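Heads up: the structure comes next, in structure tokens.
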Amino acid sequence: MDDPSSASNKRKRKRGRKRKASPPSPDRSSPSPAAAPAPAGRRGRKPRRNEAPADADAARPPSPPRRGEPKPVANGGDAVAVAVAEAGPASWDEVVRVVPCMDAVVKVFCVHTEPNFSLPWQRKRQYSSSSSGFIISGRRVLTNAHSVEHHTQVKLKKRGSDTKYLATVLAIGTECDIALLTVNDDEFWEGVSPVEFGTLPALQDAVTVVGYPIGGDTISVTSGVVSRIEILSYVHGSTELLGLQIDAAINSGNSGGPAFNDRGKCVGIAFQSLRHEDAENIGYVIPTPVITHFIEDYKKSGEYTGFPILGVEWQKMENPDLRKAMGMKPDQKGVRVRRVEPTAPESGCLQPSDIILSFDGVDIANDGTVPFRHGERIGFSYLVSQKYTGEKALVKVLRDSKVHEFKIRLATHKRLVAAHVKGRPPSYYIVAGFVFAAVSVPYLRSEYGKDYEYDAPVKLLVKHLHAMAESPDEQLVVVSQVLVSDINIGYEEIVNTQVLAFNGQPVKNLKNLATMVENCKDEFLKFDLEYDQIVVLETKTAKAATQDILTTHCIPSAMSDDLKA
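Residue numbers (UniProt numbering): 1 to 565.
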């Protein structure tokens, strides 16, 4: 006759294997039927070593023995009860924490009305878009800056709701591609727990991206792992900040949605993806250090002030002969200053050919990196980006074989060709059919499309990439186009050509040009352009013809409102 205890053990093992292979039923894995969708951060997660037993029942609350199942012995029963008591509530707490995170993810509806930089006196046709966002503490909602750029109206809809709530944009961080919203209607905040932020994840950590991408109307969940952590190029802001690369799908509409870790904590905001024939499933997430910086900046200043930079261009010092020529000792490392921004606070103390040895006490390597985490290094610009505008930092430099220390006040970057206009309408000035404008990245994109870096004139690109402003208000002024009239015969083909001087006076910015032309009492208006071109118009005739040209082209004014002040 078979041993009853042996048969019982066989039945136990059989049941254990069967339960392990099958997923938990919905009523046991979540506290309520509303949590039927896979909770963020739980999909596909493998048990860790420090968790309770590997089988599914180990994470469930204890249940009475089934009919025909032998009761465990006293000692064994205590052990099982202890294991369940330790593992069960922890897993239940995780479910309770994770499920509200799904409900905190909202769909963002925005109506955009973009400026027309090629015809700056009017705007483009409005269009609508949808993206994702999520609720945080303080009755605030986070999403991407490009999701609400040039917004006319923003509305939010919660998961499972049929109501759209009007939202107010509190701050837009163009550089970091984050926007902060709020809703005045108290009903919107009822029954929703805000998302909690986690720490910066490690490589291969599981992440789950939640949002409302194209392909459907309901919430979507995609999972993957952290593939890379480094300084990334933020396309919308034309800046470089810390970023996460993940292999979870990030599609149109996912922008602004949270990325959760396996504990249900938010570790980033989905914001862009790499679309290339040689790349698959490469998405990018704004990490928590950047998000925290944006939120704290808003709390301190009541507005977004930006991420500071060290206003220098630098060169690596990896060549031993170069280090020797610069007077560096064998134990010294750093980077060489190539140029200093004239408008940056650093211009008062740093000089070309200085060797930056450390920033705020952190030594900089010859390749420009600093220690990041165990086994990782990152560009030292990360240290700069962690500061706030107006804060000071201690910079140690080597100059003429002597070490100097400077306390430098950090500020944001002032570019000759602005990367963005921060919601302001474009400036313009018209005289005798000549449309003058200030060059910016949105202007180049309007004139030459998204591939402006390949299609724009070389001289404009060189100034965009390498030129530095000599004063805070300096602009690159061009003749955008010529509205054809009898007064400007022969000048019709002048397009996007820089204006260097007017009647012998250098042109500092667009307002400076408009003021000089309006106040001109000379017989002729003479514009010196690049490529040694000149434009000469009779002053009296040119100003008289301007109004007729404006009427013909239905232009309300000869200059933008900002130039009238």
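Even for Gly, the Cβ is constructed at its ideal location relative to N, Cα and C.
Note that the coordinates shown come from a computational prediction; the quantities given were computed from them, not determined experimentally.
Cβ neighbour criterion (16 or more within 10 Å) applied to residue i
i    : result
H466 : exposed
C554 : exposed
K396 : buried
D321 : exposed
S63  : Residue placement at S63 is poorly supported in this model, since its pLDDT is 42, which falls under 50; the coordinates still yield a value, given next. Exposed, because fewer than 16 other Cβ atoms sit within 10 Å of the Cβ of S63.
R336 : buried
Y429 : buried
I172 : buried
L563 : buried
T163 : exposed
G268 : buried
F524 : exposed
Q498 : buried
N184 : exposed
K392 : exposed
D532 : exposed
L166 : exposed
A344 : buried
R323 : buried
Q505 : exposed
Spatially closest choice to residue i from the options, by CA coordinates
i           : options                : result
F436        : P442, S427, L444       : S427
K265        : C349, A104, S557       : A104
E187        : D321, L200, I489, K158 : K158
I464        : V169, A438, V484, G368 : Strictly speaking, residue 464 in this sequence is His, with Ile absent from that position. Checked all of V169, A438, V484, G368; the closest Cα to H464 is A438.
R263        : D360, C101, D354       : C101
S132        : K422, V183, G256       : G256
A325        : G348, S480, S353       : S353
G423        : P442, L416, V458       : P442
E447        : L274, F117, G243       : F117
N281        : E518, L166, N319, N251 : N251
R140        : S233, L550, Y298, V370 : Y298
S381        : G375, G390, A145, D367 : D367
I219        : R228, T208, S227       : T208
I408        : A418, D451, S358, V154 : S358
V210        : V403, V106, V312       : V106
Y304        : T412, N509, A565, V484 : T412
P182        : C176, V169, S193       : It should be noted that the sequence gives Thr, not Pro, for residue 182. The option with the nearest alpha carbon to T182 is V169.
residue 581 : I309, A365, Y491       : Not covered by the structure: residue 581. The range shown for the chain is 1 to 565.
R275        : D247, V290, V478       : D247
A145        : I286, G311, F197       : I286
S471        : K316, K459, N509, L513 : N509
S301        : T369, Y284, Y388       : Y388
V458        : N496, S227, I309       : N496
G215        : R338, S227, A249       : A249
Residue i (DSSP reduced to helix, strand or coil)
i           : result
V285        : strand
residue 593 : Residue 593 falls outside the range modelled here, since the chain spans only 1 to 565, and no answer is possible.
G311        : coil
G379        : strand
E94         : In this predicted model, E94 has a pLDDT of only 47, less than 50, meaning its place in the structure is not dependable; the value taken from the coordinates is given anyway. If DSSP states are grouped into helix, strand and coil, E94 belongs with the helices.
T199        : coil
E296        : helix
V192        : coil
P89         : With a pLDDT of 46 at P89, under the threshold of 50, the modelled position of that residue is not reliable, and no figure is offered here.
K392        : strand
S137        : coil
A248        : coil
R338        : strand
A325        : helix
I408        : strand
P213        : coil
I219        : coil
S385        : helix
P258        : strand
F301        : Sequence inspection shows Ser at residue 301; the Phe mentioned does not correspond to that position. In the structure shown, S301 sits in a helix (DSSP, three-state: H, G or I).
A565        : coil
Residue i - partner residues in DSSP beta bridges
i    : result
A179 : T143, I172
L233 : Here residue 233 turns out to be Ser, not Leu, going by the sequence shown. Bridge partners of S233: E240.
H112 : Y127, H151
Y165 : L156
V403 : L398
K107 : S132, K157
A344 : Note: A344 sits in no beta bridge, so no partner.
Test: residue i CB closer than 8 Å to a CB of chain D
i    : result
R263 : Chain labels in this structure do not include chain D; a single protein chain is all it has.
Complete runs of the beta strand (DSSP E) confined to the UniProt domain "Protease Do-like PDZ" (418–562) [at least 3 residues]:
Complete beta strand (DSSP E) runs here, min 3: 428–431, 434–438, 477–482, 497–502, 524–529, 534–538.
Run through the stretch 347–371 for me and flag every whole beta strand (DSSP E) of 3 or more residues, listed as ranges in chain order.
Taken in chain order, the complete beta strand (DSSP E) segments of 3 residues or longer contained in the stretch 347–371 are 355–359, 369–371.
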